[in-house]
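Notes for the one structure printed next.
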Amino acid sequence: MASNIPNYVIVDTNVLIYAVQRRIRLEDAVLEIPGISTIVIPSCVMAELYGLSRRNVDAKVAYEYCRRFRIIEAPGKGDECIISAAKQTGAMVITNDKELAQRLIRSGLRAGMLSGKKIIF
């Protein structure tokens, strides 16, 4: 299912919380990327947000916000889950975790970061 120009973008937990804190509509930022038409959230990100939501209001809002996007099953937890989902779908990943972004790039996958209301590569 992977392709050279994926139309999916996977969004990491830290970007979702960042967007909530700064009142950024992810659709506006992410869907400006050429060729991207679908935001997907791995099940592990939903699980992480759910766990954080018990003590973090921003995580709770992010969890509810994510329900409007396509949720995909992805094995594992944390970074491994994100990498697995990206490989499975051929999707680029938006994360504000520099180490994860570097791992994705070393694996031949595309990664971007949310800075302000823009995605940077």
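Add 110 to a position in the sequence shown, counting from 1, and you land on the number used in my numbering. Even for Gly, the Cβ is constructed at its ideal location relative to N, Cα and C.
When we look at the beta-carbon of residue 158 and count the other beta-carbons within 10 Å, is it buried (16 or more) or exposed?
buried
Using a Cβ-Cβ cut-off of 7 Å (strictly less than) and excluding sequence neighbours within five positions of residue 129, which residues of its own chain qualify?
136, 224
Suppose you measure from the CA of residue 178 to the CA of residue 141; what does that come to, to the nearest Å?
15 Å
So the alpha helix (DSSP H) residue 211 belongs to, where does it begin and stop?
208-216
Counting pairs of beta carbons, one from the region 165-182 and one from the region 202-211, are three or more of them closer than 8 Å?
no
Under 9 Å, do residue 150 and residue 205 count as touching if we go by C-beta distance?
no
First through last residue of the beta strand (DSSP E) which encompasses residue 200:
No beta strand (DSSP E) contains residue 200, which DSSP labels as neither H nor E.
Going by beta carbon distance, what residues of the same chain come within less than 7 Å of residue 196, once the five residues before and after it are set aside?
120, 203, 214, 219
Exposed or buried, which one is residue 122 when buried takes at least 16 other CB atoms within 10 Å?
buried
Using only the alpha-carbon positions, how far apart do residue 139 and residue 227 sit?
6 Å
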